[in-house]
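Just below is one structure, and these are the notes that go with it.
Protein chains: 2
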Amino acid sequence: MRIGELAERTGVSVRALRYYEEQGLLASERSQSGQRRYAENAVDRVRLIQQLYAAGISSASILEMLPCVVTGVAAPEVLAKLRGHRSSVVKQIEELQETLLQLDTVIAGATKTYATGVPCPPA
Amino acid sequence: MRIGELAERTGVSVRALRYYEEQGLLASERSQSGQRRYAENAVDRVRLIQQLYAAGISSASILEMLPCVVTGVAAPEVLAKLRGHRSSVVKQIEELQETLLQLDTVIAGATKTYATGVPCPPA
DNA sequence: GCTACCTCTGACGTCAATGTCAGGTTTCTA
DNA sequence: TAGAAACCTGACATTGACGTCAGAGGTAGC
Chain F
1 MRIGELAERT GVSVRALRYY EEQGLLASER SQSGQRRYAE NAVDRVRLIQ
51 QLYAAGISSA SILEMLPCVV TGVAAPEVLA KLRGHRSSVV KQIEELQETL
101 LQLDTVIAGA TKTYATGVPC PPA
Chain S
1 MRIGELAERT GVSVRALRYY EEQGLLASER SQSGQRRYAE NAVDRVRLIQ
51 QLYAAGISSA SILEMLPCVV TGVAAPEVLA KLRGHRSSVV KQIEELQETL
101 LQLDTVIAGA TKTYATGVPC PPA
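Chain order of the listed sequences is F and S.
Each residue of the first sequence is one higher than the one before, starting from 1 at the first, in our numbering.
Each residue of the second sequence is one higher than the one before, starting from 1 at the first, in our numbering.
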């Protein structure tokens with residue numbers, strides 16, 4: 001498929017896809033005229049990249065770990081980094097859960113307070 | 001306390017603390033000579049700010065919700081935004097949990113593969 | 001073959017949360 | 001009462017993941 005279709009199917013911009021290629025994260029064949037052609041599995045690859053980005057992992061680290069994610073094989077140093085990222089993700093989850101509690105407390109309190117007619121400062 | 005101490009106690013840089021003030025997120029008294037003086041509770045405030053930042057909430061949104069978090073009272077529009085942020089945090093957690101599974105799969109697979117002596121590409 | 005849309009490269013712009021530097025004042029410690 | 005260390009404002013620099021624009025060529029439906 002061409003870049004526009006991949007963009008549409010993944011919800012990632014054309015610009016971002018070119019950027020991924022620039023970073024070595026996403027390969028493409030080229031047509032005679034130089035246009036990018038992607039295989040079907042590029043969709044999954046892009047989603048994986050997005051997922052790792054969302055976990056706060058840099059493109060350099062993603063580049064390093066991608067082949068391992070794909071092949072399921074990793075050198076010891078890479079494995080160590082993977083474990084490092086794993087614990088960082090765990091930590092992020094824990095922090096977000098704490099944030100969630102805070103938000104819930106505020107929402108519950110504010111809802112109740114507001115329901116009881118106590119005056120409240122506007123935004 | 002002065003800004004250096006607050007920075008040290010929260011693990012946030014002096015520059016960041018000034019930035020928070022600039023954004024209206026963190027107030028300070030000033031000494032005669034103009035130096036910032038913080039109350040004890042500033043430590044908690046800074047931690048809260050960091051927590052919200054970590055949840056991907058912008059300083060503008062934090063500014064909007066901070067008084068509510070502190071007072072426990074929120075106007076309906078603010079409450080709606082709080083709920084929006086809540087669900088975004090929930091989503092982030094879910095995505096991170098999925099990422100965690102991916103990482104675990106890779107780590108488990110790679111560990112096993114490597115243990116059995118299958119050759120593996122270096123980083 | 002015309003037209004509308006897609007794609008290409010290259011380069012500069014953006015945005016948010018800081019880093020960093022300069023040049024000057026204040027505060028603490030010996 | 002020095003001198004070091006901390007603080008001030010103001011301003012420009014940085015970083016990463018893109019957005020956006022220009023100018024040129026490719027592609028598909030009619």
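Think of the CB as a built atom: it goes at the ideal place given N, C-alpha and C, for glycine as much as any other residue.
Along the region 84-104 of chain F, where does the CB come closer than 8 Å to a CB of chain S? Name the residues. So the list reads His85, Arg86, Val89, Val90, Gln92, Ile93, Glu95, Leu96, Gln97, Glu98, Thr99, Leu100, Gln102, Leu103 and Asp104, given in the order they occur along the chain.
Ser28 (chain S) and Tyr38 (chain S): beta carbons closer than 7 Å? Yes. Within cutoff.
The region 20-51 of chain F: positions lying closer than 7 Å to chain S by Cβ: Listed by position along the chain: Gln51.
Is Ala55 (chain S) close to chain F? Criterion is C-beta to C-beta, closer than 7 Å. Contact of Ala55 (chain S) with chain F is assigned, a C-beta pair being separated by under 7 Å.
Say the cut is 6 Å; is the CB of Tyr20 (chain F) nearer than that to a heavy atom of the ligand ATP? With respect to the ligand ATP, the structure shown offers nothing to examine, as it has no ligands at all.
Ile49 (chain F): first and last residue of the uninterrupted alpha helix (DSSP H) it sits in: It spans Ala42 to Ala54 - the alpha helix (DSSP H) in which Ile49 (chain F) sits, taken as one unbroken run.
Report the option in S:Gln51, S:Glu5 and S:Gly4 whose CA atom is closest to the CA atom of Gln128 (chain F). Here chain F comprises residues numbered 1 to 123, so residue 128 (chain F) is not present and cannot be evaluated.
Pull up the DSSP beta-bridge partners for Glu29 (chain F), would you. According to DSSP, Glu29 (chain F) bridges with F:Arg37.
For the alpha helix (DSSP H) containing Ala60 (chain S), list its first residue and its last residue. Secondary structure note for Ala60 (chain S): its alpha helix (DSSP H) is the uninterrupted segment Ser59 to Thr71.
Using beta carbons (cut-off 7 Å, strictly below), is Ile107 (chain S) in contact with chain F? It does: the Cβ of Ile107 (chain S) has a partner Cβ on chain F nearer than 7 Å.
For Ile3 (chain F), collect the residues of the same chain with a Cβ closer than 6 Å to its Cβ; drop the 5 residues on either side in sequence, then sort them by chain order. Correct list, in chain order: Val14, Leu17 and Arg36.
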